[in-house]
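Asks:
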Amino acid sequence: MTETGEHMATEMQEVKFYQTGTFTVGNRLLAEDERSVQANMQRTNSLNSGHRACQGCGEALGARYAIDAAMRATGNQLIAVIATGCLEVFTTPYPESSWQIPSIHSLFGNAAAVASGVAAALRVTGNSATRVVAQGGDGGTTDIGFGCLSGMFERNDDVLYICYDNEAYMNTGVQRSSATPPAARTATTMAVGKEPGNVFGTGKNMPLIAMAHNIPYVATASVANLRDLEFKVTKAMGIHGARYIQIHVPCPLGWGSLPADTIKLARLAVESGLFPLFEAEHGELSGSTKIRSKVPVEDYLRPQKRFAHLFGKEPDTARLARIQAAADRNIARFNLLPQ
Amino acid sequence: MLKQIEGSRAVAEAVALCRPQVICAYPITPQTHIVEGVGEMVKDGTLTNCEFINVESEFAALSVAIGASAAGARTYTATSSQGLLFMAEAVYNAAGLGLPIVMTIGNRAIGAPINIWNDHSDSMSMRDAGWIQLFAETNQEALDLHIQAFRLAEALSCPVMVCMDGFILTHAYDRVDIPMQAQVDGYLPPYEPRQILDPADPVSIGAMVGPEAFTEVRYMAHHKQLRALTLIPQLSAAFERQFGRASGGLLRSYRTEGAETIVVALGSVIGTVQEVIDEMREAGTRIGAVSICSFRPFPLAALRDALQNAARVVVLEKCLAVGLGGIVSDGVRKALSGIQLKGYTVIAGLGGRAITRASLLQLFTDATEDELEQVTFLDLNAEVVNHELERESAARRSGPTAEAILRRLGTVASHIG
Amino acid sequence: MFQVRIHGRGGQGVVSGAEMLSVAAFLEGRYAQAFPSFGSERMGAPVMAFCRIDDREIRLREPVMEPDALIIQDPTLLHQVDLFNGFGPRGYILLNSTRAFEALGLTEFLRKLRFERVCTLPATEIALKHVGRAVPNVPLLAGFAAISGQLRLASVVAAIRDKFPAALAEKNVAAAEEAYAMVKKIRETADAQAN
Chain A
1 MTETGEHMAT EMQEVKFYQT GTFTVGNRLL AEDERSVQAN MQRTNSLNSG
51 HRACQGCGEA LGARYAIDAA MRATGNQLIA VIATGCLEVF TTPYPESSWQ
101 IPSIHSLFGN AAAVASGVAA ALRVTGNSAT RVVAQGGDGG TTDIGFGCLS
151 GMFERNDDVL YICYDNEAYM NTGVQRSSAT PPAARTATTM AVGKEPGNVF
201 GTGKNMPLIA MAHNIPYVAT ASVANLRDLE FKVTKAMGIH GARYIQIHVP
251 CPLGWGSLPA DTIKLARLAV ESGLFPLFEA EHGELSGSTK IRSKVPVEDY
301 LRPQKRFAHL FGKEPDTARL ARIQAAADRN IARFNLLPQ
Chain B
1001 MLKQIEGSRA VAEAVALCRP QVICAYPITP QTHIVEGVGE MVKDGTLTNC
1051 EFINVESEFA ALSVAIGASA AGARTYTATS SQGLLFMAEA VYNAAGLGLP
1101 IVMTIGNRAI GAPINIWNDH SDSMSMRDAG WIQLFAETNQ EALDLHIQAF
1151 RLAEALSCPV MVCMDGFILT HAYDRVDIPM QAQVDGYLPP YEPRQILDPA
1201 DPVSIGAMVG PEAFTEVRYM AHHKQLRALT LIPQLSAAFE RQFGRASGGL
1251 LRSYRTEGAE TIVVALGSVI GTVQEVIDEM REAGTRIGAV SICSFRPFPL
1301 AALRDALQNA ARVVVLEKCL AVGLGGIVSD GVRKALSGIQ LKGYTVIAGL
1351 GGRAITRASL LQLFTDATED ELEQVTFLDL NAEVVNHELE RESAARRSGP
1401 TAEAILRRLG TVASHIG
Chain C
2001 MFQVRIHGRG GQGVVSGAEM LSVAAFLEGR YAQAFPSFGS ERMGAPVMAF
2051 CRIDDREIRL REPVMEPDAL IIQDPTLLHQ VDLFNGFGPR GYILLNSTRA
2101 FEALGLTEFL RKLRFERVCT LPATEIALKH VGRAVPNVPL LAGFAAISGQ
2151 LRLASVVAAI RDKFPAALAE KNVAAAEEAY AMVKKIRETA DAQAN
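Those sequence lines, one after another, are chains A, B and C. With the numbering used here applied, the first sequence covers 1 to 339. With the numbering used here applied, the second sequence covers 1001 to 1417. With the numbering used here applied, the third sequence covers 2001 to 2195.
This is the structure we're talking about:
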């Protein structure tokens, strides 16, 4: 209203962001097609409730959003392939299954290959409407499933592969994978000895490796930004060929964090630069999400018991500095800070 | 149509006639010519409505097959030896999930020591995975069995391995009769899956099964193979009606009427065995042979029928249960449970060593005179073995065994047999 | 049953020679079996291939231990490999060489054989002349047909056309025809001498 009380009829109402620290917007303020899938009463609930995931499980959250988004994008014509792992175990506790869509679990390391086979069968039977999504944890993807995944990329099979990255072999009791970050405590990189926790290796950046295969679409996503996750999955389903999305999913049990902190930790990982959010097409970086307010890596590491040995009376400043340096390298490499 | 072609080519043409929809394979000697054959047919358009996928490992090959089969496609792959082992996890998985995949095994020895030549150790390593295992005697039977295999697999929802001797069959040029497409279509109907990944009717395949139900699920798999004991002869009979020749079945007897001694074997060696049987029969010896075609399910009852009136049985096998003796012998012994007769195990042809008529004649003669050990390694070079044993006891750092033996044997290029 | 054993080195077409032999026999309505004996596949290594021909189904699967005919594609194998293992006095030998048996140190050996059933043939030279490649298998195949009478030249020619693409096939046919004529002449001369 103006001073004289007249309506400024031609002015567009600006959407204001009310919650601090996020861009989360109430769905009712957006156009229908911009609303979250989860807000829709007609959503498929492809991963129905009743599954056995831990309280605060990042993977359960990420998978639900991702698969429902893929279902909406494909008009509910989706087949899911699942690798052995947490997702498989907590969604199919015999004799129940929480999957409301056709799904197959074969082995630990072959989800990408099985998905390639499903895609081939759909092609040869002339079914161009049904699409395929393969899913695995970081262990099943970056380690034991690496060969099959690379093969799928190289053939450009029409599969979206989603990796739920909780940074260790959680299902079997929190053992280290090639995705486990430096200094993290796991059952096979205990917080003892001269260099407690995981070593500082060369790392295995699966999204970059996917980009090196020049596949049509690669993206990273996080449960801290579920709208962004849905957007990326939707975009991926609009593309044909091999696609890869890695979703960062905190695991309260494995990380030693509070179940209520899952989304917060995911956000801190993004805001510190340790988990960059970006997209790439045919091997070239095509966009990244800017960090809103950068935080030091310590803010992210402190709430997780798996990094507890870095803190305390004599903080491991040297290794903390190395972790910070890695975060800063990501920020530079993926252009994460506004200029 | 009669053709003079390589065994591998014959199999490729038979597989193509079965209207496969997805073929995925990884190369390994001696299966390569089969896969190259179907690959060429897909690429040049001879074989239509078929996806041919080049995969990055055998593990990937069978995994792709699992996905394709679960999504409703008629699926085929092939491997041998090390490749079969590399896909071992998937082999068990395919059987456990009840997917009717057909796979050719070009039988080859398993290393170490690495060996590209024929024996049955590869198929034997997977004998309890739940696949049906059929062994071909000739290239004609190899191609025929693939046609039967697809029908058998799909009828039972159980994967089938068709085993053919590497090099001896795969790389041999033989006269074969390649059926017409109409004949195969008349025998093999389109694939109608028992389970399928279909958004219109969702199912979850591959769920975890706990202690409360695992036994029952496994019993179902066992029961399926027992049903196969009936179905295999039926499909073989139907094959004979459709194509006009005998092929497949559980086992085949050769001149066992009134035989005192019966030789049991699998695969192509049976041809040479039959020649020796003829020679010995001519000289008045009452000897016959049984070739087992269906090794899994193992034809206990049929074998018992075939062998029970003999005085002695010689099991000639191209595989070894290390430390124990024979693998096939175990099954034969089980079939003869309660029946008293003399049983001999002969391990022969390991790693491609030729099984000669002359050796078999001597062997069978010794058998008829009961001058055989319980377990015999045919044509074993005892001198070389003893020398190696002496060498090993003389020094701790005796070096790799295989290399030492090769050095002792000298140049092998000049050996014929 | 007639058994042929072919000796040569990798790259000389030993295996495809045996295969063509089997196809030629097939085209005459007979049963034939051809298979290789593999060492590691590398050029120049000694290789063997076998071919059996019969009027009934061939069941035997052992290597050819007692060849009725030997085709020796490379004379350098003569004192390296036991080429004549299992070879009887009534067998046929076709040896790829520009030199005579005597010059190759085989005089003694020859005395035990039927001389009209053995001959040398400059197969490599014939191949080079017509086909431009030093692969002697086709001329030797034709030579075998001539000396043994087991196959008609027409069958050998048909097998060649079955194996090779058109242009290459005709060159090989020409080589085969020359080799056949050459060996036929040698055989006729030898037969005349024998009588």
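Positions of the beta carbon are idealized from the N, C-alpha and C atoms, including for glycine. The structure displayed is predicted, hence computed values, not measured ones.
Beta-carbon of A/Ala121 versus every beta-carbon of chain B: anything under 8 Å?
Replies: Here residue 121 of chain A refers to the residue found at position 121 when the first sequence is read from its first residue. Chain B contact via Cβ: present.
Asks: For A/Asn127, which option in A/Asp158, A/Gly283, A/Cys148, A/Glu195 has the closest C-alpha, if you only look at C-alpha atoms?
Replies: Position 127 of the first sequence, counting from 1, holds the residue named residue 127 of chain A. With distances taken between Cα atoms, A/Asn127 lies closest to A/Asp158.
Asks: Quick one: what's got a C-beta closer than 8 Å to A/Pro315's C-beta in the same chain, skipping five residues either side?
Replies: Taking the first sequence and counting its residues from 1, one reaches residue 315 of chain A at position 315. Cβ neighbours of A/Pro315 beyond the five flanking positions: none.
Asks: For B/Leu1409, is the classification buried or exposed, using 16 other Cβ atoms within 10 angstroms of its Cβ as the cut-off for buried?
Replies: In the second sequence, residue 1409 of chain B corresponds to position 409, counting from 1. Classification for B/Leu1409: exposed.
Asks: Against C/Arg2052, what residues of chain B qualify as contacts under a CB-to-CB distance less than 9 Å, listed in chain order?
Replies: Taking the first residue of the third sequence as 1, we reach residue 2052 of chain C at position 52. Residues of chain B passing the Cβ test: none, with the nearest at roughly 10 Å.
Asks: Give me the DSSP bridge partner(s) of C/Asn1963.
Replies: As shown, chain C starts at 2001 and ends at 2195. That puts residue 1963 of chain C outside it, with no answer to give.
Asks: Does any residue of chain B bring its CB to less than 8 Å from the CB of A/Gly151?
Replies: Within the first sequence, residue 151 of chain A is the residue found at index 151, counting from 1. For A/Gly151, the answer is yes, since a Cβ of chain B falls inside 8 Å of its Cβ.
Asks: Over what stretch of residues does the alpha helix (DSSP H) that includes A/Cys86 continue unbroken?
Replies: Against the first sequence, residue 86 of chain A aligns to sequence position 86. That run of the alpha helix (DSSP H) goes 86-91.
Asks: So that I know if they touch, is there some Cβ in chain C lying closer than 8 Å to that of B/Val1015?
Replies: Indexing the second sequence from 1 puts residue 1015 of chain B at position 15. No, B/Val1015 lies away from the interface with chain C (no Cβ there is under 8 Å from its Cβ).
Asks: Of the residues A/Asp299, A/Gly85, A/Leu336, which one's Cα is nearest the Cα of A/Arg165?
Replies: To locate residue 165 of chain A, count along the first sequence from 1; it is residue 165. The sequence as given places Asp at residue 165 of chain A; Arg does not occur at that position. Checked all of A/Asp299, A/Gly85, A/Leu336; the closest Cα to A/Asp165 is A/Gly85.
Asks: Could you say which of B/Ala1207, B/Pro1199, B/Glu1192, B/Ala1129 lies nearest to B/Ser1069 if we only look at CA atoms?
Replies: Within the second sequence, residue 1069 of chain B is the residue found at index 69, counting from 1. Nearest of B/Ala1207, B/Pro1199, B/Glu1192, B/Ala1129 to B/Ser1069, Cα basis: B/Glu1192.
Asks: Return the CA-CA distance between C/Asn2195 and C/Val2183, expressed in angstroms with no decimal places.
Replies: Within the third sequence, residue 2195 of chain C is the residue found at index 195, counting from 1. Within the third sequence, residue 2183 of chain C is the residue found at index 183, counting from 1. Going by the C-alpha atoms only, they are around 18 Å apart.
Asks: List the residues of chain C whose Cβ lies closer than 8 Å to the Cβ of B/Arg1357, in chain order.
Replies: In the second sequence, the residue the question calls residue 1357 of chain B occupies position 357. What B/Arg1357 touches in chain C: Leu2060, Glu2062, Met2065.
Asks: Whole angstroms is fine: what's the gap from B/Leu1303's alpha carbon to B/Met1126's?
Replies: To locate residue 1303 of chain B, count along the second sequence from 1; it is residue 303. To locate residue 1126 of chain B, count along the second sequence from 1; it is residue 126. Cα-Cα distance, rounded: 21 Å.
Asks: Throw me the rounded Cβ distance for the C/Val2138 and C/Asn2172 pair, which I believe falls under 8 Å.
Replies: Indexing the third sequence from 1 puts residue 2138 of chain C at position 138. Indexing the third sequence from 1 puts residue 2172 of chain C at position 172. The Cβ separation is near 5 Å, so the contact holds.
Asks: Let me see if you follow: with CB-CB separation under 8 Å, is B/Glu1056 close to chain A or not?
Replies: For the purposes of this step, residue 1056 of chain B is taken as the residue at position 56 of the second sequence. Chain A, which has a Cβ nearer than 8 Å to the Cβ of B/Glu1056, makes this yes.
Asks: Considering only C-alpha positions, which residue in the set B/Arg1074, B/Ser1291, B/Cys1158 is nearest to B/Leu1188?
Replies: Taking the first residue of the second sequence as 1, we reach residue 1188 of chain B at position 188. Of the listed residues, the one whose Cα sits closest to B/Leu1188 is B/Arg1074.
Asks: Answer yes or no: do A/Val44 and A/Gln77 have a C-beta to C-beta separation smaller than 8 Å?
Replies: Locating residue 44 of chain A in the first sequence gives position 44, counting from the first residue. Locating residue 77 of chain A in the first sequence gives position 77, counting from the first residue. It is Thr, not Val, that sits at residue 44 of chain A in the sequence shown. No, they are not a contact pair.
Asks: With a threshold of 16 other CB atoms inside 10 Å of the CB of B/Gln1234, please say whether the residue is buried or exposed.
Replies: Taking the first residue of the second sequence as position 1, residue 1234 of chain B is located at position 234. Exposed.
Asks: What did DSSP end up calling C/Arg2133 once you bin it into helix, strand or coil?
Replies: As a position in the third sequence, residue 2133 of chain C is number 133, starting the count at 1. Note: C/Arg2133 maps to coil in three-state DSSP.
Asks: Consult DSSP for B/Ser1393 and reduce its assignment to one of helix, strand or coil.
Replies: The sequence position of residue 1393 of chain B within the second sequence is 393, counting from 1. Correct three-state label for B/Ser1393: helix.
Asks: Using 8 Å for Cβ pairs, my map puts B/Ala1136 next to B/Gly1267. What's the rounded Cβ distance?
Replies: Residue mapping note: residue 1136 of chain B aligns to position 136 of the second sequence, counting from 1. Residue mapping note: residue 1267 of chain B aligns to position 267 of the second sequence, counting from 1. With a Cβ gap of about 7 Å, B/Ala1136 and B/Gly1267 count as contacting.
Asks: For B/Phe1052, which residues from the same chain have a beta carbon less than 6 Å from its beta carbon, with the 5 sequence-adjacent residues on both sides left out?
Replies: Taking the second sequence and counting its residues from 1, the one referred to as residue 1052 of chain B is at position 52. Ile1023, Gly1039, Val1042.
Asks: Just mark C/Phe2115 as buried or exposed, buried being the case when its beta carbon has 16 or more other beta carbons within 10 Å.
Replies: Reading the third sequence from its first residue, position 115 is the one you call residue 2115 of chain C. Classification of C/Phe2115: exposed, given that the 10 Å Cβ count is below 16.
Asks: What residues in the segment 1051-1082 of chain B bring their beta carbon closer than 7 Å to a beta carbon of chain A?
Replies: Within the segment 1051-1082 of chain B, the residues whose Cβ lies closer than 7 Å to some Cβ of chain A are Glu1051, Ile1053, Val1055, Glu1056, Ser1057, Phe1059, Ala1060, Ser1063, Val1064, Ala1065, Ile1066, Gly1067, Ala1068, Ala1070, Ala1071, Gly1072, Ala1073, listed in chain order.
Asks: If the cut is a Cβ gap below 8 Å, which residues of chain B does A/Val114 touch?
Replies: Position 114 of the first sequence, counted from the first residue, corresponds to residue 114 of chain A. In chain order: Ser1063, Val1064, Ile1066, Gly1067, Ala1070.
Asks: Excluding the 5 residues flanking A/Tyr161 on each side, which residues of the same chain have their C-beta closer than 8 Å to its C-beta?
Replies: By 1-based counting over the first sequence, the position of residue 161 of chain A is 161. Closer than 8 Å at Cβ, skipping near neighbours: Ala111, Ala112, Ala115, Val133, Ala134, Gln135, Gly136, Thr141, Leu149, Met152, Ala242, Arg243, Tyr244, Ile245.
Asks: Could you tell me whether any Cβ in chain A is nearer than 8 Å to the Cβ of B/Ala1213?
Replies: Looking up residue 1213 of chain B in the second sequence gives position 213. Interface residue, yes.
Asks: Going along the chain, which residues of its own chain have a beta-carbon closer than 7 Å to the beta-carbon of B/Ala1155, five neighbours each way excluded?
Replies: Stepping through the second sequence from its first residue, residue 1155 of chain B is reached at position 155. Cβ neighbours of B/Ala1155 beyond the five flanking positions: Leu1231.
Asks: Would B/Gln1296 pass as a contact of B/Gln1133 if the rule is Cβ separation under 8 Å?
Replies: In the second sequence, residue 1296 of chain B corresponds to position 296, counting from 1. In the second sequence, residue 1133 of chain B corresponds to position 133, counting from 1. Reading off the sequence, residue 1296 of chain B comes out as Arg, not Gln. In this structure, B/Gln1133 lies closer than 8 Å to B/Arg1296 by Cβ.
Asks: I'd like to confirm the pairing. Which residues does DSSP put opposite B/Asn1054 in its beta bridges?
Replies: Counting from 1 along the second sequence, the entry for residue 1054 of chain B is found at position 54. According to DSSP, B/Asn1054 bridges with B/Ala1025.
Asks: Quick one: residues in its chain with C-beta nearer than 8 Å to the C-beta of C/Ala2175, no 5 flanking neighbours on either side, listed in chain order?
Replies: Position 175 of the third sequence, counted from the first residue, corresponds to residue 2175 of chain C. Here the set comprises Ile2126, Ala2127, Lys2129, His2130, Val2131, Val2138, Pro2139, Ala2142.
Asks: At the 8 Å Cβ level, is A/Ala325 part of the contact set with chain B, yes or no?
Replies: Residue 325 of chain A sits at position 325 when you count from the first residue of the first sequence. So no, A/Ala325 is outside the interface.
Asks: Secondary structure at B/Glu1089, three-state DSSP: helix, strand or coil?
Replies: As a working note, residue 1089 of chain B is residue 89 in the second sequence. If DSSP states are grouped into helix, strand and coil, B/Glu1089 belongs with the helices.
Asks: Given a limit of 9 Å on CB to CB distance, which residues of the segment 2162-2187 of chain C reach chain B?
Replies: Residues passing the 9 Å Cβ filter: Asp2162.
Asks: Whose C-beta lies closer than 8 Å to the C-beta of A/Phe200 among residues of the same chain, with five residues either side of it excluded?
Replies: Locating residue 200 of chain A in the first sequence gives position 200, where the first residue counts as 1. Pro182, Ala183, Arg319, Arg322, listed in sequence order.
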